[in-house]
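**Q** Take 18 as the starting number for the sequence shown in the working numbering and just add one per residue.
Where a beta carbon is used, it is the ideal one built from N, C-alpha and C, also for glycine.
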Amino acid sequence: MANGSEGNGHAVRAEPLPAPLDASKLTITLADTLKPIPAAEDLVFGKHMSDHMMVSTYHPVTGWSAPEIKPYGPFVLDPVSSCFQYSTNLFEGMKAYINPEGKPQLFRPDMNMARMRRSRDRVALPAFDTDELLKLIQKLVAVEQRWIPNAPGHSLYVRPTIIGTRPSLGVAPSDHAILYVVCCPTGPFFRVSRMLSLMAVAEHVRSWPGGTGGYKLAGNYAPTFMPQAEAAKKGYDQVLWCIGDKITEAGAMNFFVSIRRDDGDIDVYTPPNDGLILPGVTRDSIMRLMSAHGTSTTLAGIAEKLHVAEREIHIADIARWAAEGRLLEVFTVGTAVVVASVGRIGVEGKPDLELPKHDGQMGPLARAVHTKLTNIQWGHEQFEGWSVVCE
Ligand SMILES: *Cc1c(COP(=O)(O)O)cnc(C)c1O
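1) For E266, count neighbouring Cβ atoms within 10 angstroms of its own Cβ and tell me buried if that reaches 16, exposed if not.
2) Comparing the CB of T352 with every heavy atom of ligand 1, is any distance shorter than 7 angstroms?
3) So V325 is in the beta strand (DSSP E); what residue range does that whole segment cover?
4) Under a three-way DSSP split, which group does W258 fall into?
5) Does DSSP put W395 in a helix, in a strand, or in coil?
6) Let me know the secondary structure DSSP gives I319 once reduced to three states.
7) Since G396 and P205 are thought to touch, with beta carbons under 8 angstroms apart, how far apart are those beta carbons, to the nearest angstrom?
8) Given G26, which residues of its chain have a CB within under 6 angstroms of its CB, disregarding the five upstream and five downstream residues?
9) So, using beta-carbon positions, are H193 and R183 closer together than 8 angstroms?
10) Starting from M216, trace the beta strand (DSSP E) in both directions and tell me its first and last residue.
11) What's the call for E32, buried or exposed, on a 16-neighbour Cβ count within 10 Å?
12) So I165 and A248 are in contact, right, with Cβ under 8 angstroms, and what is the actual spacing, rounded?
13) For the stretch 221 to 301, list the beta strand (DSSP E) runs that are entirely contained and at least 3 residues long, ordered along the chain.
14) Suppose the cutoff is 6 angstroms on Cβ atoms and the five residues either side in sequence are ignored; what does the same chain contact list for M70 look like?
15) So what does DSSP say about I335, is it helix, strand or coil?
16) Assuming contact is defined by CB atoms lying nearer than 8 angstroms, are E346 and L382 in contact in what I supplied?
17) What is the DSSP secondary structure of F348, counted as helix, strand or coil?
18) To the nearest angstrom, how far is it from the Cα of N20 to the Cα of W81?
19) What do you reckon, is the C-beta of A409 under 7 angstroms from a heavy atom of ligand 1?
20) Starting from the Cα of V78, find the closest Cα among P143, K64, D39 and P84 and give me that residue.
21) By a C-beta neighbour count over all protein chains shown, 10 Å radius and 16 as the cutoff for buried, is N167 buried or exposed?
22) With hydrogens ignored, establish whether the beta-carbon of V256 is closer than 7 angstroms to any heavy atom of ligand 1.
23) Buried or exposed for E371, going by 16 or more other Cβ atoms inside 10 Å?
24) Return the CA-CA distance between Y75 and L151, expressed in angstroms with no decimal places.
25) Considering only the beta carbon of each residue, do D127 and L38 sit closer than 8 angstroms?
26) Helix, strand or coil for W164, going by three-state DSSP, please let me know.
27) On a CA-only basis, which of S191, L47, G63 and R211 is nearest L173? Give me that one, please.
28) Per DSSP, A36 forms a beta bridge with which residues?
29) My understanding is that R300 touches V350, with C-beta atoms under 8 angstroms, so please give their C-beta distance in whole angstroms.
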């Protein structure tokens with residue numbers, strides 16, 4: 018052997034350092050007393066965290082610690098930790114559902130893991146194998162199964178998070194980190210189904226060319242709270258984020274519009290994934306389902322052929338399509354809301370753009386994709402291996 022290290026015939030295999038994240042090293046410590054689970058109708062999103070969390074910490078010399086599932090609780094952190102000073106934080110949002118066999122399952126978690134890798138690389142946090150993280154998430158969801166409300170429209174929201182914990186004010190990548198996953202039960206976004214109102218905002222933007230709007234970084238959200246509060250004060254549900262007159266997305270949801278074509282088919286447009294929008298798992302799933310409509314799947318009640326395309330959408334386009342009587346539906350999509358129809362868009366200095374009202378709740382296409390998607394998420398239907406069971 019070149020370095021003679023196997024001279025006695027026994028390969029000396031030290032653990033490689035820094036150690037990779039390794040789900041096989043998981044230890045589980047269950048809470049002594051379990052929390053009471055709130056009644057489904059009392060759930061407030063994000064308020065009632067489950068009994069346990071998954072945690073692994075990264076040290077630049079030793080690497081990722083053996084992952085732990087342990088009772089939910091606070092961290093003690095140095096006041097100059099990178100996450101507090103330089104916002105080296107990012108997260109994912111996904112849901113677990115109880116399938117008809119009574120098992121919890123995740124929806125396209127590989128998409129969340131891929132997005133988390135991109136976010137992590139963008140802020141130079143320590144790398145780890147997201148396949149290992151997914152195994153840990155599956156284990157945590159299985160441990161927390163009793164927290165998944167068995168009621169229509171309910172699920173367990175799963176929040177994987179990484180925070181940079183480098184204890185120094187030096188402006189540099191964080192070479193210390195905590196990777197953790199917490200969960201909370203969640204009910205339907207709106208208790209009573211209704212249409213959203215959006216206020217177009219271009220004075221404040223959430224993304225810009227070359228910026229970080231395409232990554233799920235914690236730092237992207239703080240600057241959205243003031244514009245959101247102003248929109249709420251003016252009576253709108255959410256901000257419609259625009260760059261000039263170009264629509265990017267709404268609140269933390271992706272944006273879709275459907276238009277009647279001259280040949281009777283329907284065009285469905287959504288802004289391109291050009292770094293100005295967050296590439297949503299729901300957005301991608303809905304684009305795929307609509308593209309497959311009429312071939313490998315059917316959207317209930319939609320007789321027309323759908324032509325799905327990514328293209329720039331301007332406020333002026335919406336106004337023109339509405340004036341021409343061709344505008345069918347505007348809707349927003351995301352993990353939390355799934356699909357919400359939009360009934361009204363406020364534009365500075367102009368009367369509100371009134372959109373087709375349907376039944377005041379949801380347009381037929383929004384309703385059809387909502388039904389299809391939730392049927393797949395709840396395991397009542399299969400589509401392209403999108404469901405991953407947690408055991
Ligand atoms: C999370 C998020 C979305 C929706 O993404 P999903 O993967 O569908 O949940 C859209 N926009 C923003 C800004 C987001 O943070």
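**A** On the basis of the coordinates in this document:
1) Buried: at least 16 other Cβ atoms inside 10 Å.
2) It does: the Cβ of T352 is within 7 angstroms (strictly closer) of some heavy atom of ligand 1.
3) Counting along the chain, the beta strand (DSSP E) containing V325 begins and ends at L323 to E327.
4) If DSSP states are grouped into helix, strand and coil, W258 belongs with the strands.
5) If DSSP states are grouped into helix, strand and coil, W395 belongs with coil.
6) DSSP places I319 in the coil class of the three-state scheme, outside both helix and strand.
7) With a beta-carbon spacing of about 18 angstroms, G396 and P205 fall beyond the 8 angstroms limit used to define contacts.
8) Summary for G26: the model assigns pLDDT 49, below 50, so the residue's position carries little reliability; its value from the coordinates is reported in the next sentence. Within the same chain, G26 has no close Cβ partners at all.
9) A contact, by the Cβ cut-off of 8 angstroms.
10) Start and end: L213 to V218.
11) Using a 10 angstroms sphere on the CB of E32, the tally of other CB atoms stays under 16, which defines it as exposed.
12) For I165 against A248, the beta-carbon gap comes to about 33 angstroms, at or over 8 angstroms, which does not count as contact.
13) Runs of the beta strand (DSSP E) inside the stretch 221 to 301: 255 to 260, 263 to 267, 271 to 277 and 283 to 287.
14) Closer than 6 angstroms at the Cβ level, and outside the excluded window around M70, lie Y89, Y197 and V199.
15) For I335, the secondary structure class from DSSP, reduced to helix, strand or coil, is helix.
16) The Cβ-Cβ distance between E346 and L382 falls below 8 angstroms.
17) In this structure, F348 counts as strand in the three-state DSSP scheme.
18) Per-residue confidence for N20 stands at a pLDDT of 44, beneath the threshold of 50, marking its modelled position as unreliable; the derived number appears in the next sentence. Approximately 28 angstroms between the Cα atoms of the pair.
19) Nothing about residue 409 can be reported from this structure: the residues present for the chain run from 18 to 408 only.
20) Considering only alpha carbons, the answer is P143.
21) It counts as exposed.
22) For ligand 1, no non-hydrogen atom lies closer than 7 angstroms to the CB of V256.
23) Label assigned to E371: exposed.
24) Cα to Cα, Y75 sits roughly 17 angstroms from L151.
25) For D127 and L38, no; Cβs fall outside 8 angstroms.
26) Of the three classes helix, strand and coil, the one that applies to W164 here is helix, per DSSP.
27) Out of S191, L47, G63 and R211, G63 has the C-alpha closest to the C-alpha of L173.
28) Residue pairing of A36 in beta bridges, as defined by DSSP: G80.
29) The pair is a contact, with the Cβ atoms about 6 angstroms apart (cut-off 8 angstroms).
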